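Asks: Quick one: the structure is below, and I'll ask about it shortly.
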Amino acid sequence: DQQVKQNSPSLRVQEGRISILNCDYTNSMFDYFLWYKKYPAEGPTFLISISSIKDKNEDGRFTVFLNKSAKHLSLHIVPSQPGDSAVYFCAASDGNNRLAFGKGNQVVVIP
Amino acid sequence: DTGVSQDPRHKITKRGQNVTFRCDPISEHNRLYWYRQTLGQGPEFLTYFQNEAQLEKSRLLSDRFSAERPKGSFSTLEIQRTEQGDSAMYLCASSFRSSSGNTIYFGEGSWLTVV
Numbered sequence: 001d002q003q004v005k006q007n008s009p010s011l012r013v014q015e016g017r018i019s020i021l022n023c024d025y026t027n028s029m030f031d032y033f034l035w036y037k038k039y040p041a042e043g044p045t046f047l048i049s050i051s052s053i054k055d056k057n058e059d060g061r062f063t064v065f066l067n068k069s070a071k072h073l074s075l076h077i078v079p080s081q082p083g084d085s086a087v088y089f090c091a092a093s094d095g096n097n098r099l100a101f102g103k104g105n106q107v108v109v110i111p
Numbered sequence: 112d113t114g115v116s117q118d119p120r121h122k123i124t125k126r127g128q129n130v131t132f133r134c135d136p137i138s139e140h141n142r143l144y145w146y147r148q149t150l151g152q153g154p155e156f157l158t159y160f161q162n163e164a165q166l167e168k169s170r171l172l173s174d175r176f177s178a179e180r181p182k183g184s185f186s187t188l189e190i191q192r193t194e195q196g197d198s199a200m201y202l203c204a205s206s207f208r209s210s211s212g213n214t215i216y217f218g219e220g221s222w223l224t225v226v
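Protein chains in written order, with my numbering: chain A, 1 to 111; chain B, 112 to 226.
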């Protein structure tokens with residue numbers, strides 16, 4: 001049962017433009033959400049997180065938005081850079097000790 | 112480098128052999144996790160330690176898998192009698208829980224290929 005879903009598995013975006021990645025979840029007990037970035041043959045790298053008491057968190061070029069009523073979050077990358085080309089994973093926690101991950105979105109930033 | 116360290120990074124083994132992976136977490140982190148990732152999937156939780164105690168195991172962790180964290184520092188994950196379906200990236204992660212949430216930090220992973 002996939003509790004965290006990332007549709008639109010790949011995204012191509014021009015350098016300098018905005019990348020928007022979407023994530024939907026089904027478990028209303030999730031209260032902490034994270035985005036990870038992964039290059040091939042490497043482990044996921046933490047990017048940004050958001051607690052369910054917030055609806056927005058920003059860190060440099062990365063902003064995460066949370067819509068609890070819709071059980072939806074998104075990651076915005078502005079401006080996109082070639083080094084952002086990677087797979088991005090959405091993850092969620094319900095306060096227990098495991099994270100539930102989506103299947104990932106491939107982002108390709110075109111110079 | 113003070114990140115999560117995993118060894119070996121790559122392992123090719125014949126079916127039926129045993130393999131062991133080691134993980135050294137970030138030094139001040141008391142929580143350690145093992146995840147597994149296969150192609151096209153996100154990481155899947157295997158097991159979790161708080162200090163030396165193994166507190167949670169996924170049903171993905173069959174009897175052939177065993178993990179230890181004997182002194183609450185490094186951890187090992189052993190797979191006995193490997194099968195081709197065990198081929199995956201095995202990810203170790205660590206965290207130190209804060210009031211703002213439990214962010215876990217991953218190592219670079221150990222690739223296992225069973226031939």
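Ideal Cβ positions, reconstructed from N, Cα and C, are used throughout, including at glycine.
Just so you know, these numbers come straight off a predicted model, no measurement behind them.
#1: Could you check whether the Cβ of R12 of chain A sits closer than 7 Å to any Cβ belonging to chain B?
#2: With I77 of chain A and R61 of chain A assumed to form a contact (beta carbons below 8 Å), what rounded beta-carbon distance in angstroms separates them?
#3: Is there contact between the segment 124-135 of chain B and the segment 94-107 of chain A, where contact requires at least three CB pairs shorter than 8 Å?
#4: Between the Cα of A41 of chain A and those of B:S173, B:A164 and B:Q117, spot the shortest distance and give me the residue it belongs to.
#5: If you draw a straight line from the alpha carbon of L150 of chain B to that of W222 of chain B, how long is it in whole angstroms?
#6: Would you verify that the beta carbon of K54 of chain A is, or is not, closer than 7 Å to some beta carbon of chain B?
#7: Using C-beta distances below 6 Å, list every residue in its chain close to F176 of chain B, excluding the 5 sequence neighbours before and after it, in chain order.
#8: Distance cutoff 7 Å, beta carbons only. Does P44 of chain A sit that close to anything in chain B?
#9: How big is the Cα-Cα spacing for Q6 of chain A and C23 of chain A?
#10: So L166 of chain B contacts chain A; which residues on that side make the cut at Cβ distance below 8 Å?
#11: Using a threshold of 7 Å, state whether the C-beta atoms of Y159 of chain B and N97 of chain A are closer than that.
#12: Would you call the CB atoms of G43 of chain A and G220 of chain B closer than 7 Å?
#13: Would you tell me roughly how many angstroms separate the C-alpha atoms of W35 of chain A and L75 of chain A, rounded to the nearest one?
#14: If you draw a straight line from the alpha carbon of Q161 of chain B to that of P111 of chain A, how long is it in whole angstroms?
#15: What are the start and end residues of the beta strand (DSSP E) that includes Q165 of chain B?
#16: Name the residue from A:P79, A:V4, A:F89 and A:N67 whose alpha carbon lies nearest to the alpha carbon of D59 of chain A.
#17: Count the other CB atoms, across all protein chains shown, that sit within 10 Å of the CB of A130 of chain A; report buried if there are 16 or more and exposed otherwise.
Replies: Looking at the coordinates:
#1: Within the first sequence, the letter at position 12 stands for residue 12 of chain A. R12 of chain A does not count as touching chain B.
#2: Sequence index remark: in the first sequence, residue 77 of chain A carries index 77 (1-based). Sequence index remark: in the first sequence, residue 61 of chain A carries index 61 (1-based). With 8 Å as the limit, I77 of chain A and R61 of chain A qualify as a contact, their Cβ atoms being about 6 Å apart.
#3: Segment contact: the segment 124-135 of chain B against the segment 94-107 of chain A, fewer than three CB-CB distances shorter than 8 Å; contact not assigned.
#4: On the first sequence, position 41 is the one that residue 41 of chain A refers to. Comparing alpha carbon positions, the residue from B:S173, B:A164 and B:Q117 closest to A41 of chain A is B:Q117.
#5: Indexing the second sequence from 1 puts residue 150 of chain B at position 39. Indexing the second sequence from 1 puts residue 222 of chain B at position 111. Cα-Cα distance, rounded: 11 Å.
#6: Position 54 of the first sequence holds residue 54 of chain A. K54 of chain A has a beta carbon lying at 7 Å or more from every beta carbon in chain B.
#7: Start at 1 with the first residue of the second sequence, and residue 176 of chain B comes out as number 65. Within its own chain, the residues whose Cβ lies closer than 6 Å to the Cβ of F176 of chain B, once the five positions on either side in sequence are excluded, are I190, listed in chain order.
#8: Taking the first sequence and counting its residues from 1, the one referred to as residue 44 of chain A is at position 44. Closer than 7 Å to some Cβ of chain B, the Cβ of P44 of chain A qualifies, so yes.
#9: The residue labelled residue 6 of chain A in the question sits at position 6 within the first sequence. The residue labelled residue 23 of chain A in the question sits at position 23 within the first sequence. Distance from the CA of Q6 of chain A to the CA of C23 of chain A, rounded to the nearest whole angstrom, comes to 5 Å.
#10: Here residue 166 of chain B is taken as the residue at index 55 of the second sequence, counted from 1. Using a Cβ-Cβ cut-off of 8 Å, L166 of chain B is close to N97 of chain A, given in chain order.
#11: In the second sequence, residue 159 of chain B corresponds to position 48, counting from 1. In the first sequence, residue 97 of chain A corresponds to position 97, counting from 1. In this structure, N97 of chain A lies closer than 7 Å to Y159 of chain B by Cβ.
#12: Along the first sequence, read from residue 1 onward, the residue named residue 43 of chain A stands at position 43. Along the second sequence, read from residue 1 onward, the residue named residue 220 of chain B stands at position 109. With respect to the 7 Å criterion, G43 of chain A and G220 of chain B are classified as neighbours on the basis of their beta carbons.
#13: Walking along the first sequence from the start, residue 35 of chain A turns up at place 35. Walking along the first sequence from the start, residue 75 of chain A turns up at place 75. Going by the C-alpha atoms only, they are around 8 Å apart.
#14: As a position in the second sequence, residue 161 of chain B is number 50, starting the count at 1. As a position in the first sequence, residue 111 of chain A is number 111, starting the count at 1. Spanning the two alpha carbons is a distance of roughly 44 Å.
#15: Reading the second sequence from its first residue, position 54 is the one you call residue 165 of chain B. Counting along the chain, the beta strand (DSSP E) containing Q165 of chain B begins and ends at A164 to K168.
#16: Translated into the one-based positions of the first sequence, residue 59 of chain A becomes position 59. Of the candidates A:P79, A:V4, A:F89 and A:N67, the one whose C-alpha sits nearest the C-alpha of D59 of chain A is A:P79.
#17: A question about residue 130 of chain A goes unanswered here, because the residues of chain A that appear run from 1 up to 111.
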